[in-house]
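Encoded as structure tokens, the structure appears first; notes follow it.
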């Protein structure tokens, strides 16, 4: 491992240690005991195939090129750091960014599901952010649904030759918003409204999160673009090894 790779990993770990230790709060991850047992089991089972595919994806990528490891560590640390920064929302809840768009762009959505498990598990145990019984639901919304949307938007932007930075911004911000849409549906399914059922309840939850989450999604998009610019400046060989520049290589 080169000195540059070691420096990237140490920087990511330092950032996680600096910003990750935050006071516990009633955060946006669905809290412990908030979902009925059947919902907890269902969401956990739905996550299993994605996690298996993610493990294989990471193993194959690292077997092909060990230089991808520093970028994988940076992606995981980025998720941990900004998803631990909680912003007070309305009705006593909190909102936060997700950080999964960066990993989805660099490694694909399946790999991010594994990074999300690690992050959410540590946050639930160490920061009281989320919960163990609701781990499956939180994984599905933040580490599966959001990254798949981010990855899809990024591919569409590359296909239509949208400016790369604009594509990164859209992928990160829309993926963040979609995470909260899925979370709202999960909460609505567990607590449907007496009048209007799941649909009415989902609209209410979305209304709770929207005032803080929309600006946070914009901020996350901008932060992701800044991180990508830094990586393009200081980790271009590592970006090449994960296929970040493959579109330009094909056209040339």
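Numbering (the numbering used here), first residue to last: -17 to 234. Glycine is no exception: its CB is placed at the ideal position from the N, C-alpha and C atoms.
Check	Outcome
Residue 133, buried or exposed, once every other Cβ within 10 Å from all chains shown has been counted against 16	buried
Buried or exposed by the 16-neighbour rule on C-beta atoms within 10 Å, applied to residue 74	In this prediction, residue 74 has a pLDDT of 42, which is less than 50 and means its spatial position is unreliable; nothing more can be read from the coordinates.
Exposed unless 16 or more other CB atoms sit within 10 angstroms - verdict on residue 170	buried
Inter-stretch contact at 8 Å, needing at least 3 Cβ pairs: the segment 115 to 132 / the segment 47 to 58	no
Nearest-angstrom Cβ-Cβ length linking residue 43 and residue 50, presumed shorter than 8 Å	5 Å
Expected contact under 8 Å - CB spacing of residue 96 and residue 62 to nearest Å	Not a contact, Cβ separation roughly 13 Å.
Residue 2 burial status per 10 Å Cβ neighbour count (16 or more: buried)	A caution first: residue 2 carries a pLDDT of 41, below 50, which makes its placement in the model unreliable, though a value can still be read off. When all chains shown are included, residue 2 counts as buried.
Cβ-Cβ separation, residue 155 to residue 199 (assumed contact under 8 Å), whole Å	4 Å
Cβ pair count under 8 Å reaching 3, the segment 157 to 175 against the segment 184 to 197	yes
Run of the alpha helix (DSSP H) containing residue 92, from where it starts to where it stops	91 to 108
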